[in-house]
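Everything below concerns the one structure shown next.
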Amino acid sequence: MDESLLSCSGCFVALLLAFVVLVAFGAFLGILGGVISAVFGLFAAIPGWLWLVILVVAIVAMWQRRNR
Numbered sequence: 873m874d875e876s877l878l879s880c881s882g883c884f885v886a887l888l889l890a891f892v893v894l895v896a897f898g899a900f901l902g903i904l905g906g907v908i909s910a911v912f913g914l915f916a917a918i919p920g921w922l923w924l925v926i927l928v929v930a931i932v933a934m935w936q937r938r939n940r
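My numbering runs 872 ahead of the 1-based position in the sequence shown.
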């Protein structure tokens with residue numbers, strides 16, 4: 873077998889493997905981006921007054937814990 877053909881075959885396998893890794897990494901980033909945007913979408917869906925109530929409850933709970 874010709875060495876240049878073997879070298880080309882190894883090069884092709886390496887390129888194919890790199891392509892598969894890049895596609896898998898891109899899919900992972902896409903899924904991660906979707907999860908992050910969904911979480912921020914949930915944050916944005918909560919009204920401002922509810923955030924204020926959550927903040928006040930958290931501050932009161934921290935204050936109670938500190939005074940014990």
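Quick reminder that beta carbons are idealized off the backbone N, C-alpha and C, glycines included.
Rounded to whole angstroms, Leu-888 and Ser-909 show a C-alpha spacing of 31 Å. The C-alpha of Gln-936 is placed about 21 Å away from the C-alpha of Leu-922. In the DSSP annotation of this structure, Ile-918 is not part of any alpha helix (DSSP H), being labelled neither H nor E.
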